[in-house]
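The opening residue of the sequence shown carries number 3 in our numbering; numbering runs sequentially from there. We put the beta carbon where it would ideally sit given N, CA and C, even for glycine. The structure under discussion appears below in the form of structure tokens.
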Amino acid sequence: MMLARLAPFAVLVALCATPAAAQSVQALGEFRDWAAYSAADGTGQVCFALSKPTDVSPAVDGYTQAYLYLTNRPAEGVSNEVNLVAGFIFAPDQPATLTVSGKSFDLFTQRDAAWLLDATQNDDLAGALRAGSTVTVEGTSEKGILVTETFSLSGATAASRAIGGC
């Protein structure tokens, strides 16, 4: 099941990584701290909104850019899937926690990525993202350091609407 959840993300990364494939990625708009895109993969259309963190604390050795995603894959019956690319490697078998508007959500981690432990919470979390002002994700790096990433939710509602027609 975990690999099945990783496969669409890997396809999305591949779409954006190659010049020819990147042409199939269409910008749907920029909305303050969020942006929305549409792409086609082997299963059909994929639409996603993303944002970069406004703060990462403490600084992590080897850190690369982090992104918080909200993704719709209609051909697979997936909507409002939230995932994180952390920009660092999580400690193996260590969960992370996402907090927005006073609500906490448990995430499972694999390498540098995290998803909701309970996928039935996707819609609740997506709604909280649209209603909140900031979201924080706390996770432990492979070096045992507790890292907190903070994301602005300014523009998240508009970006969510932009991918809603996917």
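Which of helix, strand or coil does DSSP assign to residue 123? Within the sequence shown, the letter at position 121 stands for residue 123. Looking at residue 123 - three-state DSSP - the assignment turns out to be helix.
Integer Cβ distance of residue 102 from residue 137, believed to fall under 8 Å: The residue you call residue 102 lines up with position 100 of the sequence shown. The residue you call residue 137 lines up with position 135 of the sequence shown. With 8 Å as the limit, residue 102 and residue 137 qualify as a contact, their Cβ atoms being about 4 Å apart.
Under a three-way DSSP split, which group does residue 131 fall into? As a working mapping, residue 131 is identified with position 129 in the sequence shown. The answer is helix: DSSP assigns residue 131 an H, G or I state.
Quick check on the DSSP output: the beta strand (DSSP E) that includes residue 29 runs from which residue to which? The residue given as residue 29 occupies position 27 in the sequence shown. Per DSSP, residue 29 belongs to the beta strand (DSSP E) from 28-33.
In three-state terms, what does DSSP make of residue 66? Here the question's residue 66 lines up with position 64 in the sequence shown. Note: residue 66 maps to coil in three-state DSSP.
What is the rounded straight-line gap between the Cα of residue 74 and the Cα of residue 112? Start at 1 with the first residue of the sequence shown, and residue 74 comes out as number 72. Start at 1 with the first residue of the sequence shown, and residue 112 comes out as number 110. About 21 Å.
Following the continuous alpha helix (DSSP H) through residue 160, name the residue where it begins and the one where it ends. The residue you call residue 160 lines up with position 158 of the sequence shown. Element bounds for residue 160: 158-166.
Between the region 76-83 and the region 92-109, do at least 3 Cβ pairs fall closer than 8 Å? no
Using only alpha-carbon positions, find the residue among 80, 87, 54 that is nearest to residue 46. Counted from its first residue, the sequence shown places residue 46 at position 44. Nearest option by C-alpha distance: 80.
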